[in-house]
Every structure is written in structure tokens, then in C-alpha cells.
Amino acid sequence: MTLYEYIREELLGKNPDGTIPVWKAIIGGMAAGMTAQFLASPADLIKVQVQMEGKRRLQGLEPRVHNARHAFFKIAKEGGVRGLWKGWAPNVQRAAFVNLGDLTTYDTAKHLILKHSNLQDNLITHALSSVCSGFIAAILGTPADVVKTRVMNQPTDANGRGILYKSSTDCLLQAVRGEGFFSLYKGFIPCWIRMGPWSLVFWITYEEMRNHYLWISLIVTPFDPQISSDGQHLFTACFDVLKILDVSDGRAVNEIKSESEDTIIVFGLSADSNTLVIGYQSGLLRQWLWRPDRRLIRTWKSIHSGPVVAIVCDPTGGLVATGGTDSTIKVWHSAQNYCTHNLRGAQGVISCVHFSPVRSDESYYIYGAADDYSVHVWDLMTSRHVTKMDGHCSKVTAIRFSLDDEYILTASRDKLVIVWKTSDHQMLRSIPIYESLESIEVIDGRRMSAINPLQADKVFVTAGEKGVLRVWNYGTGDLLYTQQNSLLAVKQESDEPNSESVINSQLITQTLYCEAIEQIVIVSYENNILFHKSSDLSAVKQFVGHMDEVLDIALLGANETHIAIATNSPNIKIFELKTLNCYLLKGHTDIVLSLETYPSDPLTLVSSSKDNVIRVWKFDETLSSAVCQYYGSGHTHSVTAIAVPYLKNQFIVSGSEDTTLKIWKIPKKLPDDCGDNKAIALSAKHTQRAHEKVINAVALSPNDQLIASGSQDKTAKIWATDGLRLLGTMRGHRKSIWCVKFSPVDQVLATSSADATIKIWALVDYSCLKTFEGHDTSVLKVLFIDRGMQMISSGSDGNVKIWNIKDNECVKTLDAHADKVWALALTQQQSANGRTLLITGSSDSAVFIWEDVTADEREETAAKHELQIESEQNLLNYIQKKKWSKALTIAVRLDQPYRALSIMKEILLDSEGADKVAEVLSRLREDQLLSLLEYAIVWNTNSRHYIVAQCVLRAVVRQIPPKELLKTPELKAKVEKLLPYSERHMSRLTRLQQ
């Protein structure tokens, strides 16, 4: 596959629109198959000879080889190294045809399915394409397989040459002459049965592995976002989509998507922030104008011999520089779309490119850094390599200019920042930073309130592996200020009483400085984007770049304005629902599994994690920050579930992978010697080995007197809160129990299980009262709603279902997620429009917020019913008053064909019935006439009603112009229904007249 994609895309190349011609796919598939099979031909020869020994032994013949090792040495001894490639020609020919059918057909079928159907690039498309490729591969490969098997299995002479066939062509001709053409397809069905499933499994696995690789690549090497010059928009890329976000609320205001699903590698933003140049995996470069109207300006092929990894626009907007993995920088004229310079001299991948802010008639410099640890300087006026700025001993990650353009600052992972003179590119000063640097920014120190004004003239900010921004003076090399309370560097408590706290930092991969809003934007290793004031480096807001798998959700605040989300991460994400602003709670050292909020204190959050620890977080009134007050570390394995009491926040119940339940007592007040940022260790009041296997869920009753636990041992148990005494065990599920919930009004317990059922249990005798079946997969979560009259459940297939408990009926299915829905949260407070909100989180990294519109639907139904009654009354009144046109209009609107027929007959009973019918029908609109035409088609089939039908047909033909009538949907079918009965009525009238 690697060779095939290299030949197809690198040697032959794609079309300008990103598609691949069939002939290129054919050449690539055949060449890749032939090359790979030639290299593997000895192994194939050994396999065939070992397989044929079974037949010889059944015939009672002496075996020629005993195993693969014996076959290898026997072939090499008899025919030499050349003998190992016996039959390579038919082998290679077969591989060429098989890969022609498999690789080429798969690519072509997939392209046609995506182009001519509504299917997306998903598992269904991959399966359909692989079925086609397996069938074609069997058709093309079976003749070559027959020839190959015969040639490779024929006896040989002393020189290792075949006795029966001279070559594969000779074998082919002998088979056709002696046995007929279809002898080449002997064993086609077994071949197809073998190749079909193999092709299906291979292609689906390959696509999934490729997608997984791309996903992991995105996390490890994230795209560098850009910010507009006015600070109002943020540009981020993910796979084949580039999104433009509004910085104020984080919402996407525009997006640029590749039509051919070509993955974006890098992009650059013009100085006016209106134009984007995007580099794709296919090697194409596209220039987009995204405002005021989004449109593609031009597309061209980069002539780099490898991927483009850096794109920079010059300050004037007339030039675009691209740096590649081929150690070159190419400069393009953005308007004329041609390469003006091909700059060589660097060694390795180009890591960063920067145009000089100073331009004169004699010189215009461009700077580039590569893997040779040097910064290279070229003069665009002469296209010459001017000099090489040596001084770093590791990769250079950033090039910046001072505010007065007199100095150049370069940062590297060798923990140094070097200051250079712009005039002669000589080193002026080397400043040790004591951390590997990923980015630096030069800012106006006079706007910083956190530093001494006397040292504010030459200021720059560094960011790197410690996750903290630091301010330095590049004139003296002094450290002026270190960021306080960084969200990426967190102190963690140790279990030892007198031990010092440990700093857990997260790498900063990029920084952006926007002078218009006076903020520094940083990007973390986890793709989180944080905004800081440049004056004191305090955090302003944060956007989450990658949500990951959502495991649990909890509501925060008295008005439930925020949500806490546990993802596949040690950090808890806190979102404000109104603005989607986010910040992180750091403290756990492994994935957070469960979250709960005290109903009596919505500013207190409890979390559990795979680090075997539970933590209690206290938020301020504005929910803008939180501190960890308590932590408990008594479990020996992951804490998988927690529950908190409804009435008072005096204890916590936890269930763990170590099969134990624990009750943790919360102190009524913090000790006097507790510092602001120091958490207090909790001790377990009660511990009980509750189940035989992992505990998946725990819950507390509304009166806090009972505890329910559910486990992978298929049982649910009820415990007394006082002393953790076992009260009862509920058995009946066939697989693991994922969730347990007490009813808010009745003495019942709901359990959901991996056996795709939900059960309701009585707490009096622990018997099963009801079983709900409707999910096709595991039911992961269940909640009571509507005062215990309904339930909401979520499954591993992404569906969320609403159930009526009284009649065991599923009344609604919400299908929005694409993977397991682990999290359900229901607001207790109503939203601004008076509706309850349901929040769902899934493994597809999506969080959906649903509004309860039950009351609105009931009101809408009542209003429709009221309107129906009013219309019925008006209809009867108009009929009584013989206002036929109005009565007919209402009958059509209410879709009452029989009432409309009665009205038409009443009109025809009049002495001037025909004229009145024409008059009434002339007052109807075209859509009303077409509705009557539908009724008339049915009326025309009955001899008692055909006169009315013919009157309607006459009115339609007279009142609607022919051109408009031809636009009527399914007109031909309607005419075909009218003609036979109309001819029959005409014949009957003719016979009566005669």
C-alpha cells in the first residue's frame, strides 16, 4: 500500500482538483503488486510446495519436503539462489492482475460511490468498495493463479528447469488448447470466497488504521492556529476543514472545506487577515479570500519534492513563501501565481520562515531555519544565500524582530535565545532560558504593569516545556516576570505529610501576540487555546481544541450556567453554556471517570479518576475558578463511580475497580491551618467489599438512607448508608450493569445493562417489576424525568430514548451521536425560554444540548385541534348559507374529499348548476384546484361521481396555463389514471345517445 500510494501520488501525481485518473491507479496498482510479489516470490514458492505435500501423503507417496525450513534449503541446494525465484514470472503476473483488480477497483469504486451517492466516507462506503474490489480481483487473478500454481508445482530436471511447461505463456496456451478457455477459471468460487472476505477485512482495517493514524498525528503535531490582525477571528484547521472562529464566543463564523477531502497540512494568513494560503497533503496550494465573501482565488501545484510545512505571507501581501521537507524555500508571486525564487542552502526540514520587516531598493531579506540548527539568510533582490547565523545547537523554533527592527531574536530547544544585529547578522548576546523553547514574542513592555518601567524598553516573552510564560529583557538578559497561576502548570499534593508539592506542567507549542487586543494567545500540547492579557499575563479565556471522549457531565452553579465535563484526560473541562468559554481544573494525574455536584451546594464538585483518588472542588460565586479542598486516596484501583447525598454535603460514596464501596466523611469546616491552595486528605468512614467484579455505578436515594451499586458481576445491591449494611440483592440481568438510579417519587430502582435492557425493581422485596426492551446495544445511562413518570436512557449505539414507565413504551428516540453516549445530565432549573435542558456527551467527542419541547408540542396540538373545530363549524355555516366557494375552500384545506364532493353535488342540483360550478371553481387558487384534481381522479372511477370529476378537470384545464400545468408533479401518471375511465364514461354516454 505504501508503494502504491507513493507511485500514484508522488511519481504519477493527482489531478489539479485532487482526483486520481483511472489509468494512473492502474499503473500504480500493477507496479506495486509486481514489485512486492517479486520480493516475496521465494516465500510463496516454499508455501506452495509445503501445501502440496498433503496431497502426496494422501496418495501414499514419499514426502519431498518436511517443513518450510527443509523446503528452503532443498530448493537452494538443487537450484541455487536462482531456484528460489522459480516461477517468479507467473507469480508476478498474477500479483499484477490481482492488485489491478483490488487496488484500482477499490479506489475507483470508492470515488464513484462518494461522487454519485449520498454516502459519506465511512464504514458502509469502505465495505461496498471492498466487495467490488474483491470480486474484480478474483476475476482477474484466477487465470494467473491457475498458471502460477501449475508452473510452480511442476517437476524439475537436474538444472531446476520445468519439465511440463517452458514458461507461463506456454502453460497458458496448453491449458486453453487442451482443456478450453474456462479451464483458467477452475476454482473461481473458492478463490472468490477467499479473496472477498480478505479484501473486506483488509480495506476496512486499513481505512480505520489510517484514520486513527491521522487522528493521533493531529494530537501529537497540532496545526498552528492564526489570529487576525484586529484580534476578532481565530483560524484553526482540522483534517480537511479550516474554520474561522469568533474570538468573543468561540463560534464558527465561516469554514473552508476541501471538496476532495484533501487533508490540510499548513496554512498562512496575509497581513490584512483577508486572504489565506492553504497547503494540502496532495501538494496543492490554494489561495482563498474568506471575507467579505468566501471564494477560491487560485490553485497551483507546489513544486516541492515533499510536503510543505511552513507558509508565510510578506507584509505587503505580494509574496508568499513556502518551506518544505526538501530543504528548500520557494517564494511565489501571489497575484501572478508563479515561483519567483527557489532558495537552497539549508539542510533538513524547514522549521520556520520569516520575511524581513525592512525592505529597500538594494536588499530584501528572508530568513529560514532548518534541522541544521542554523538560521539562513537570503536576499530576494539577488536570489543569493547571504549568510548563515550559527549559534544554536538544537532546532530553531522561532524567529522574531524587535519593535524597532534593529535586532533579530531566535529561540531554540537548546534553551537559548540569541540576539542578532539586523544590519550585519552578527550575534550580539546569548540568553540562557533554562527550558526548551517552542515560541517567543516581542511585546511593548511599557504596556506591562507587572514589570519595572525602567526595564520595559526591550521585552520579550518565552514559552516552552514548563507551561509558563516568562518575561525577559533582551538588552540585559534579565528575567523580569514569571506568570502566576498558569493553567498549564499545576501543583499536586503528595500523600506524605511534609513533602513538597510537585509541579505538573504541559508543553506550550505556539504563541501568538495580537497588539490590537493586547493579548497573548498560547496553544498547549493538548490543543487547548488560551488567551492572556499582555499587561500581567493573567488568563482571559480558553477554547478547547480537542474534546476527546466524553465520559461524564455535571451541572454547576445555582442557575446551572456552567457544566463540568470529564473527557479522556486528567483535566476537568469547565464550560460556560452561554459563551462556550472554557477553563481546566488540574489535579488528577490520570483519566477522570466520574463527576457529581451536590444538589444542596451546586458550587461543590466531586470527581473520581483512574489515579485511585477522589477530589472535592469548591468554586467561587462567579464559577470563574475553583480550588481542590479535599482528596481521598484509599482505593487500590481506579475509582469508577461516585455518588453524593441530596440533602447535605456531609459525605461521598465511591465505588472502585477494586470491588469495594467506601463512604468518605466531609468535615463541616476547613481546619484553621489549611492554606488557600492546599487540599485536606479525607479518610474512609466505612469500607465494604461489595461485589465480585468491577463496580460500574453507585447511587443514593432521595432521602440519603440507601445506597445502590451495580457491577460487572450482573447484580445490583442495596446498602444502608448507616454502616454499609447489605439489605438486598437484585439478579436478573444477563450481562454487566452500567447504571443504577433511584426514582424521585416511588420506592423503585432502575438499572441499565449491557444486555440492552432496563429493569425497574421494587425496594420492598427486590423483585423485578418491569423490563424495557428497545435498545439494540448496551444501555449505558438511565435517568428519571417528569416526576418519575418517564425515563431517559442512552446506549452504546449513540441513541437516546425517552420511555413512558406506565406502559413500557418508547415515545421518542434522539439519534444525533455516532458512538457510545456515556453522559446524561438534566437541568433542574428552566432555561430562559422556560424549558428544561438535557445534555448528552459521547465517545464521538460531541456534547449536545437538547430542549424539552413537550409543553410546546402539547400547546401546538391543542391549537391545531381548536383550529380544526373552528374550521369545521365555519364549513357547516357556509354550507347552510350556500356560500359554496368559501365552503369548498375550507373543505380542501381540511383535506375532506367527501365533503368537497357533497358541496359540488349540491351546486349541480341547482338549475344553473354547471355555470355555478364553473364560477365557484374560478375563485379557487391554483394549488386548491390541483388538490381538487387529486380528488377528481378518485371520483372519476365511480359512474355516480364522474360528472363532478369532469367539471373539476374542465376547470383545471381552462384556468391553469399549459406551461404551469406541465410543471405539476407526476402529471403523466395523473393523466393515465383519468383517461381510461373518461373513455369508458364517454362510450357509455355515446351508447345511451344512440
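Per numbering that gives the first Met the number 0: the sequence shown = residues 0 to 993. Where is the CB? At the ideal position from N, CA and C, for every residue including glycine.
Asked                                                                                                                      : Found
Y752 versus W737: straight-line alpha-carbon distance, rounded                                                             : Going by the sequence as given, residue 752 is Ser instead of Tyr. Taking the straight line from one Cα to the other gives about 5 Å.
Limits of the alpha helix (DSSP H) - the one that I889 falls within                                                        : 883-892
Coarse secondary structure for Q505, derived from DSSP in three states                                                     : coil
Host beta strand (DSSP E) of S429 (start-end)                                                                              : 426-431
Per-residue DSSP class, three states only, for S500                                                                        : With a pLDDT of only 44 at S500, under the threshold of 50, the placement of this residue in the model should not be trusted, and no figure is reported.
C-alpha gap between G773 and S655, whole angstroms                                                                         : 30 Å
Contact belief for V441 with L415 at Cβ below 8 Å, rounded distance in angstroms                                           : Actually they are not in contact, since the Cβ atoms of V441 and L415 sit about 16 Å apart, beyond 8 Å.
Selection from K668, A143, H384, V49 that minimises the alpha carbon distance to S362                                      : H384
Beta-carbon proximity of Y406 to Y473, cut-off 8 Å                                                                         : yes
Option nearest T839 by Cα separation, candidates T321, G179, A815                                                          : A815
Segments of 3+ residues assigned as beta strand (DSSP E) that fall wholly inside the stretch 530-599                       : 538-542, 549-555, 561-566, 571-575, 581-584, 591-597
T632 versus L113 - alpha carbon distance                                                                                   : According to the sequence as given, residue 632 is Ser; it is not Thr. For S632 and L113, the distance between alpha carbons rounds to 53 Å.
Ordered list of beta strand (DSSP E) runs contained in the stretch 283-337, each at least 3 residues                       : 283-288, 294-300, 307-312, 318-323, 328-332
First through last residue of the alpha helix (DSSP H) which encompasses P896                                              : 896-907
The stretch 473-485 touching the stretch 416-428, judged by at least three CB pairs closer than 8 Å                        : yes
Beta-carbon contacts of H545 that lie in its chain and below 6 Å, excluding the five residues immediately before and after : N526
Continuous alpha helix (DSSP H) assignments of at least 4 residues falling wholly in the stretch 775-849                   : none
Terminal residues of the beta strand (DSSP E) in which V175 lies                                                           : From DSSP, V175 is part of no beta strand (DSSP E) but of the alpha helix (DSSP H) over 167-178.
C131 (DSSP reduced to helix, strand or coil)                                                                               : helix
Other residues of its chain near I1074: CB distance less than 8 Å, five sequence neighbours each side excluded             : The shown model of the chain, from 0 to 993, leaves out residue 1074, and the question about it has no answer.
DSSP state of Y105 mapped onto helix, strand, coil                                                                         : helix
C-beta atoms of L594 and A625 nearer than 8 Å                                                                              : no
Whole-angstrom distance between H531 and F640, CA atom to CA atom                                                          : Going by the sequence as given, residue 640 is Ala instead of Phe. Cα-Cα distance, rounded: 36 Å.
Selection from S700, K664, H690 that minimises the alpha carbon distance to K684                                           : K664
Pairwise C-alpha distance: R469 and L479                                                                                   : 8 Å
Closest by C-alpha distance to V916, when choosing among A822, V951, A35, K971                                             : V951
Helix, strand or coil at F238 according to DSSP, with G and I counted as helix                                             : coil
Cβ distance (whole Å) where S301 is taken to contact L318 below 8 Å                                                        : 15 Å between Cβ atoms; not a contact.
Supposed close pair R733, K716 - CB separation, criterion 8 Å                                                              : So it is not a contact: roughly 17 Å between Cβ atoms.
Of the residues R290, Y366, D360, the one placed nearest T327, counting alpha carbons only                                 : Y366
Where Q491 falls: helix, strand or coil (DSSP)                                                                             : Unreliable placement is indicated for Q491, whose pLDDT of 47 sits below 50; the coordinate value is still reported in the next sentence. Q491: strand per DSSP, three-state reduction.
Beta-carbon proximity of I791 to L837, cut-off 8 Å                                                                         : yes
Range of the contiguous alpha helix (DSSP H) that encloses T940                                                            : Per DSSP, T940 belongs to no alpha helix (DSSP H) and is neither H nor E.
Cβ shell of G730 (< 6 Å), same chain only, five flanking positions each side left out                                      : Sequence inspection shows Arg at residue 730; the Gly mentioned does not correspond to that position. Cβ within range, chain order: T714.
A251 classed as buried or exposed, judged by whether at least 16 other C-beta atoms fall within 10 angstroms               : exposed
Range of the contiguous beta strand (DSSP E) that encloses Q518                                                            : 518-523
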